[in-house]
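Accompanying notes for the structure given below.
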Amino acid sequence: MEPSQRSLEFSLAYAVDLLARHSVRCIQTGLGTIMRSLQPSRPEPFQDRCRQLQDGFEHNIVIHVTALIERLMMIQTLALSQAERDRLLLSSMAVLRTAMAYHPPSRNLYARDRPMRMLLHLLHKPSELVVRATIETIICSTIDRPANMRTFEYVGGLRSLAKLDIKSDLPKSLVHALKAFVKHYTRPENEHAQTAISSSQAKRGIEMATGEEQRMPTMAAYDRWAAVYDSDGNILQVLDDAYIATHLPPLINTTSASPPTVVELGCGTGRNTIKLARLGARVVAVDNSAGMVARLRDKLAGDADASLAARVTVVMQDLSALPAGDLHSTLLQLPLQDNTVDGKDAEKGRVDGVLCTLVLEHLSLRTFFAAAASLLRNNGWLLLTSMHPDLGSRTSAGFRDPDTGAKVRPDSMNHSVEDILSAAAEVGFAVDGVVSEEGIRDSAHAAELGSRAEKWVGVTMHVGMLLRLHR
1 MEPSQRSLEF SLAYAVDLLA RHSVRCIQTG LGTIMRSLQP SRPEPFQDRC RQLQDGFEHN
61 IVIHVTALIE RLMMIQTLAL SQAERDRLLL SSMAVLRTAM AYHPPSRNLY ARDRPMRMLL
121 HLLHKPSELV VRATIETIIC STIDRPANMR TFEYVGGLRS LAKLDIKSDL PKSLVHALKA
181 FVKHYTRPEN EHAQTAISSS QAKRGIEMAT GEEQRMPTMA AYDRWAAVYD SDGNILQVLD
241 DAYIATHLPP LINTTSASPP TVVELGCGTG RNTIKLARLG ARVVAVDNSA GMVARLRDKL
301 AGDADASLAA RVTVVMQDLS ALPAGDLHST LLQLPLQDNT VDGKDAEKGR VDGVLCTLVL
361 EHLSLRTFFA AAASLLRNNG WLLLTSMHPD LGSRTSAGFR DPDTGAKVRP DSMNHSVEDI
421 LSAAAEVGFA VDGVVSEEGI RDSAHAAELG SRAEKWVGVT MHVGMLLRLH R
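Numbering (the UniProt record's numbering), first residue to last: 1 to 471.
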């Protein structure tokens, strides 16, 4: 047996042992250990072995977490406050749903009366968060499991859900999924076979109801995001647009070269590419997402100003591999204003400015700033914006997939402002002006920006800065 497999078995056995303890810290540690074992980023052999272990009793997560939830419901067994008990119930049900999705055969446990009655009992808890988590778990445990659904019907589950007072502050997606769930399963028996619904509807319902997230490589995520990127009401983009509108025009208008050449790193669908071109700049728009670049090309082709497309050169390039490959070759071919130092073309192939907005969280700081410096002529400018670390500590870039309903998040890093400035200084960048750190000031400000801004009142969301390169 491989060492990693031995480690996995030991880790799961250790976690199961912690779940049986009476200490809140021990239980939380056990649940955390299990969640880490179920991460999809684990190597495939590790995941295969983990799923094999779920086939037996000793390491089956659904069995042991269900036992933990039953124990948490018995007031006399643990000396916990109600708040502590609710937090553990929420964590336990999150692990339970993850384990069911990871190893679907484990859901067969919920074809028995006892665990189903346990879930019904949790519906009557005073905590709305617990009730919400219970509804999510019910949907997850019964979808595409006719035997489980029949058990749920037998113990009165449908009647309980139908009578449940749906709170107004529950997410709309969860309310809709719950209503659809009840409506479907309360039809006459001859309208649906064996109380089962299609897998595609089931998966969408689960994802919409439970808020499940999909982590994926950056470019794959942005390819899927492209369809809704310009229309999904992203508040960070709104703040970014305001910052760019203030700072970009003066830069273009005061650059000595005519026209100035600007490289846009991470051009996406062209949110800022079009602005640069309209300001008269010659733009090298760089991205590695085929979906995003296709949207940009469509915008350029459909613009009323036919000369706009002529001012934009689109380059497909992995930003983590700059300045190699196609981008560097493209820059060398452009008729740039070359400066010479000691008779050498030290500035050949270098540009006047670099624009990079809301991309930095997906890149290594040293890689990014080394690349930006290699592209710029001396005293060239870098206009840079990013998600603020205050917001980054709470969330990361992501979108709701219109096809599946799942929240999709690309790989991201949360860079502090201090680390950004330090990495920039290492290669010769210095701040020109002040570093802007903006957020949602109050409810009135949120109302100006849109309905999605309200939840971020008091959070610093956006950081922007102008940097100059000094060799």
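For every residue, glycine included, the Cβ atom is placed at its ideal position computed from N, Cα and C. Here the structure is a predicted model, which is why all the values come from computation and not from measurement.
The beta strand (DSSP E) that contains lysine 407, what's its start and end? Where lysine 407 is concerned, the enclosing beta strand (DSSP E) stretches over 407-410.
Buried or exposed for lysine 275, please, with buried defined as at least 16 other CB atoms from any protein chain shown within 10 angstroms of its CB. Counting the other Cβ atoms within 10 Å of the Cβ of lysine 275 gives 16 or more, which makes it buried.
Assuming alanine 446 and valine 457 form a contact by the criterion Cβ under 8 Å, report the distance between their Cβ atoms to the nearest whole angstrom. The pair is a contact, with the Cβ atoms about 5 Å apart (cut-off 8 Å).
Based on Cα-Cα distance, which residue from Tyr102, Asp144 and Tyr154 lies nearest to arginine 117? Closest option to arginine 117, Cα to Cα, is Tyr154.
What does DSSP give as the partner residues of tryptophan 381 in its beta bridges? Answer by DSSP bridge pairing, in chain order: Gly353 and Arg468.
Since residue 490 and isoleucine 61 are thought to touch, with beta carbons under 8 Å apart, how far apart are those beta carbons, to the nearest angstrom? It is not possible to answer for residue 490, since the shown part of the chain is limited to 1 through 471.
Residue nearest to leucine 18 in terms of C-alpha spacing, selected from Leu12, Ile235, Ile27 and Pro45: For the residues Leu12, Ile235, Ile27 and Pro45, the minimum Cα distance to leucine 18 belongs to Ile27.
Among Ser436, Glu438, Ser412 and Phe368, which residue has its Cα nearest to the Cα of glutamate 426? Selected option, being the one with the closest Cα: Phe368.
Tell me which same chain residues have a C-beta within less than 6 Å of the C-beta of leucine 89, skipping the five on either side of it? These residues qualify, in order along the chain: Leu72 and Val130.
Valine 408 beta carbon less than 9 Å from that of glycine 398: Yes.
For leucine 384, which residues from the same chain have a beta carbon less than 6 Å from its beta carbon, with the 5 sequence-adjacent residues on both sides left out? Counting only Cβ-Cβ distances below 6 Å, and skipping sequence neighbours, we find Cys356 and Met465.
Starting from threonine 255, follow the beta strand (DSSP E) in both directions and report where the run begins and ends. No beta strand (DSSP E) contains threonine 255, which DSSP labels as neither H nor E.
Would you check if the distance between the CB atom of leucine 12 and the CB atom of serine 92 is smaller than 9 Å? No, they are not a contact pair.
Starting from the C-beta of valine 262, find all residues in its chain whose C-beta is less than 8 Å away, skip the five residues before and the five after it, and write them out in chain order. The residues are Ile252, Leu276, Ala281, Arg282, Val283, Val284, Val351, Asp352, Gly353, Val354 and Leu355.
Would a C-beta distance cut-off of 9 Å place aspartate 240 and cysteine 267 closer than the cut-off? Between aspartate 240 and cysteine 267, the C-beta spacing is not below 9 Å.
Give me the residue from Leu300, Met149 and Asp86 with the minimum Cα distance to proline 115. Considering only alpha carbons, the answer is Met149.
Select from Leu265, Leu122, Arg159 and Ala111 the residue whose C-alpha is nearest the C-alpha of aspartate 144. For aspartate 144, the closest C-alpha among the options Leu265, Leu122, Arg159 and Ala111 is that of Ala111.
Could you say which of Asp303, Asp298 and Met292 lies nearest to glutamine 317 if we only look at CA atoms? Cα-wise, what sits closest to glutamine 317 is Met292.
In this structure, does DSSP put glycine 289 in helix, strand or coil? Residue identity differs from the one stated: residue 289 is serine in this sequence, not glycine. Three-state result, serine 289: coil.
Assuming threonine 273 contacts aspartate 230 under a Cβ cut-off of 8 Å, what Cβ separation, rounded to an integer in Å, is found between them? With 8 Å as the limit, threonine 273 and aspartate 230 do not qualify as a contact, their Cβ atoms being about 12 Å apart.
Taking the alpha helix (DSSP H) that phenylalanine 57 falls in, what are its first and last residues? Careful: phenylalanine 57 lies outside any alpha helix (DSSP H) and carries neither H nor E.
Going by the CB atoms, is the gap between serine 106 and isoleucine 63 shorter than 9 Å? Result yes, Cβ atoms of isoleucine 63 and serine 106 sit closer than 9 Å.
Tell me the DSSP secondary structure of glycine 32 in three-state form. Looking at glycine 32 - three-state DSSP - the assignment turns out to be helix.
Glycine 439 in three-state terms, based on DSSP: Glycine 439 falls in the strand class under three-state DSSP.
Status (buried if at least 16 other CB within 10 Å, exposed otherwise) for glycine 433: Burial state of glycine 433 is exposed, judged by a 10 Å Cβ sphere holding fewer than 16 other Cβ atoms.
Where methionine 74 falls, given that 16 or more other Cβ within 10 Å makes a residue buried: Exposed: under 16 other Cβ atoms inside 10 Å.
Please state if the CB of valine 417 and the CB of leucine 265 are separated by a distance shorter than 9 Å. Judged by beta-carbon spacing, valine 417 lies beyond the 9 Å limit of leucine 265, meaning their Cβ atoms are not closer than that value.
Helix, strand or coil for alanine 20? Go by DSSP, reduced to three states. DSSP places alanine 20 in coil when its eight states are reduced to three.
Rounding to the nearest angstrom, what Cα-Cα distance links tyrosine 222 and valine 95 in this structure? In a straight line, the C-alpha of tyrosine 222 is about 28 Å away from that of valine 95.
Does DSSP put methionine 387 in a helix, in a strand, or in coil? Here methionine 387 sits in strand by DSSP.
Output the boundary residues of the alpha helix (DSSP H) element that contains valine 95. Element bounds for valine 95: 82-102.
Helix, strand or coil at glycine 458 according to DSSP, with G and I counted as helix: Three-state DSSP puts glycine 458 in coil, outside helix and strand.
Just to confirm my understanding: we take arginine 278, look at its own chain, exclude 5 residues before and 5 after, and list those with CB closer than 8 Å. What are they? Here the set comprises Asp305 and Leu308.
Does the Cβ of glutamine 214 lie closer than 8 Å to at least one heavy atom of the ligand NAP? This structure lacks the ligand NAP, and indeed carries no ligand of any kind.
Starting from valine 314, trace the beta strand (DSSP E) in both directions and tell me its first and last residue. Here the beta strand (DSSP E) through valine 314 covers 312-316.
Simplified DSSP assignment, three categories, for alanine 430: Residue state, collapsed to three classes: strand.
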